[in-house]
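Using the numbering used here, you'd call the opening residue of the sequence shown number 1 and step up by one each time. Using N, Cα and C, we set each Cβ at its ideal position, and we do this for glycine too. Each remark here refers to the structure printed beneath this line.
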Amino acid sequence: MKTLTSCLQGAWVSGQGHAQTLCNPTTEEAIASASTHGLDFKKALSYGRDVGGKALRALSFAERGTMLKKLADAISAQREELLLLGMQNGGNTRSDAKFDVDGAIATLAYYAELCQSLGNARFLSDGDAVPLGRSPRLFGQHFLFPRKGIAIHINAYNFPAWGLAEKAATCLAAGMPFLCKPATSTALLAHRMFEVMLSSGALPDGAGQFVCGSVSDLLDHVESADVVAFTGSCETAALLRAHQQIIEKGVPLNVEADSLNIAVGGPDLERGTETYDLFLKNVVKEITQKTGQKCTAIRRIFVKRDKLSEVVEDLLERLSQHKVGAPDLPDVTIGPLATAQQKRDVETGIAKLAKEARIVLGGVGRLSLHQTDPEKGYFVMPTLLVAHDPSVLKEVHSLEVFGPVATVIPYENTEHLFAQAERGQGSLVASVFSDDRAFLSESVMGLSASHGRICLGSEKVAGPFIPPGTVMPQLTHGGPGRAGGGTELGGLRGMLFYMQRTAVSGFQPFLESFSATAKRAW
Ligand code: NAP
């Protein structure tokens, strides 16, 4: 069994004492262990601030771009090995593993290009200089400088590769060092990925550190210049929000948490049209991809009541074609959940949903696996529920069942639709499928306050349409309310979390020449 080490202050170190075990979720075999017991996080954070931060701030954006490109290339060169680790420790099918690893490479490559486009500056100017009174001599101007602390990245178990890369990319682009702590249960892939990043030689000393195992006392050592970016459940997020040191030091905390994402079939959807097909295709993809273990997966599917039975019938037909089983089998499209705990949670969740909605496919305890031993592994079947009476729903709008599980809900009119959507208390993404422009406009207005991103699917974009569960670095990722209220990615927008906005006022000619050494952000 492999022992996963942490990389602190430029050295690979092992924790002592109690270790957590990582498993293969298909066979339940133990494959690695990780411990952080006794590791000196205080020194690691100081090292990142003093050594890594200084080196990164000395680099121009273009030089940071070169560094990110080297990281993307190094990961790309080890892609095959990384895909296998995702399949082994994450239960991913090859296609699911690609989604994670290729997403990591693409995000690093995107930020590499963005940094190149920012040229030789090392900080940004923000907007126009503005006169501060009647005198033409006194002006003010906003600037964005890299923060002088260290960014602590705590990631969820479902995207070990992308999670590491998307946070590292924005942080390094901004000029701030990071320490990444992936979720322990699936850390095998993140561990190897960090090894690859480090051995590329692209990272200046101290610019990146890595913790494998429990978070231990890490957060007790954060200082006011640091930031914490967290992805995971809203329960853990609540602990971080209440963390004494984070509160006392006023440490910015970005949270990416649970979400009950919606898909909406417009009232104009008709069977046999391209938009109807796009709707079904994307709903099925978002239920099945990564065995439903995506924060952006569709959990609630809204259709006009008169379309309910045909949509359910067509979804059943498409979902039934999926094969559940060992993820390395070529025909299998749905692998196991990542851990025994996730399987227990999903089964408990399905039972709760089934008190309000009728299971029409899948459910608990009815495994039908493709050429796979059903006695082993953390498998669940894709599960579809139908809520004929939306007035009784509570759990469907509040419980994120983190597996291949979704509920179809009828709506009577747009007001009814938006009111139900809002009961999710803030989600990452809504997708709306319609060719009716008035309905699309109304949907953007009606859903925007409760969603971080809205994907509009129509006949005109059916070809290039990108599934709503795919997070693109060009657009922001994050949602209001229970989704955490955070913002990641979105080009320069994601870098703002790692930068200090400072307003500078003074003699206008001085400000003008100082501004010339910055790159204008917008
Ligand atoms: P989790 O149990 O909340 O764990 C997330 C991370 O927090 C892990 O690295 C975990 O470490 C760490 N952690 C646990 N206790 C902690 C504490 N007291 N202080 C600091 N860190 C702590 O979530 P998960 O089960 O890994 O992930 C699934 C959840 O993440 C789902 O709810 C999903 O919706 C959400 N998610 C959201 C997004 C998004 O972008 N919005 C993306 C992916 C997933 P250990 O593993 O060592 O316990």
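Extent of the continuous beta strand (DSSP E) run through residue i
i	result
His451	His451 to Gly457
Asp314	Where Asp314 is concerned, there is no enclosing beta strand (DSSP E), although the alpha helix (DSSP H) it sits in stretches over Leu308 to Leu319.
Cys23	Gln20 to Cys23
Ala34	Ala30 to Ala34
Ser6	Ser6 to Leu8
Ile247	Here Ile247 belongs to no beta strand (DSSP E); instead the alpha helix (DSSP H) covers Gln244 to Glu248.
Cβ shell of residue i (< 7 Å), same chain only, five flanking positions each side left out
i	result
Val13	Thr5, Ser6 and Leu39
His221	Phe41, Lys42 and Leu45
Tyr276	Leu269 and Glu270
Gly486	Asn254, Val255, Glu256 and Gly478
Presumed contact (8 Å Cβ cut-off) between residue i and residue j, rounded CB distance
i	j	result
Leu218	Ser434	About 47 Å separates the two Cβ atoms, so there is no contact after all.
Gly65	Met176	Not confirmed; about 15 Å, so no contact.
Leu456	Val396	Incorrect: roughly 24 Å between the Cβ atoms, too far for contact.
Tyr157	Ala183	4 Å
Thr502	Phe143	5 Å
Ala202	Ala74	7 Å
Thr107	Glu166	5 Å
Neighbour-count burial assignment, residue i, 16 or more Cβ in a 10 Å radius
i	result
Ile105	buried
Gln341	exposed
Val251	buried
Asn120	exposed
Asp226	buried
Met445	exposed
Ala30	exposed
Glu375	exposed
Gln420	buried
Pro160	buried
Lys304	buried
Asn89	buried
Ala483	buried
Residue i - DSSP class collapsed to helix/strand/coil
i	result
Asn261	strand
Pro509	helix
Thr502	strand
Ala340	helix
Leu84	helix
Cys295	coil
Arg192	helix
Ala351	helix
His477	strand
Leu329	coil
Ser427	strand
Phe379	coil
Asn254	strand
Leu56	helix
Val432	strand
Gln209	strand
Thr524	The structure shown has nothing for residue 524, since the chain only spans 1 to 522.
Ile150	coil
His388	coil
Phe366	First, the amino acid is wrong: residue 366 is Arg here, not Phe. Coil, per DSSP.
His221	helix
Ala187	helix
Asp128	strand
Glu356	coil
Arg305	helix
Ile466	coil
Lys536	Residue 536 is absent from the model: the chain starts at 1 and stops at 522.
Ala156	coil
Where the alpha helix (DSSP H) containing residue i begins and where it ends
i	result
Ala112	Arg94 to Leu118
Trp162	Pro160 to Ala174
Asp73	Phe61 to Ala77
Thr231	Note, Thr231: premise wrong, no alpha helix (DSSP H); beta strand (DSSP E) at Val227 to Thr231.
His397	Glu395 to Ser398
Phe418	Thr414 to Glu422
Tyr47	Phe41 to Tyr47
Thr236	Cys234 to Arg241
Pro471	The question names Pro, yet the displayed sequence has Val at residue 471. It is not in any alpha helix (DSSP H) - Val471 carries neither H nor E in the DSSP assignment.
Val444	Arg437 to Leu447
Neighbourhood of residue i by C-beta, 6 Å cutoff - its chain only, sequence neighbours within 5 removed
i	result
Tyr111	Leu68, Ala169 and Ala173
Leu308	Pro410
Ile152	Leu179 and Val228
Gln508	Arg137 and Phe139
Leu8	Ala44 and Gln209
Lys290	Asp96
Val429	Asn261, Thr296, Arg453 and Pro468
Pro336	Pro25, Thr26, Gly91, Gly377, Tyr378 and Phe379
Arg520	Ser125
Residues near residue i by beta carbon distance below 8 Å, same chain, minus five either side
i	result
Ile287	Ala297, Ile298, Leu319, Pro382, Leu384, Pro404, Val405 and Ala406
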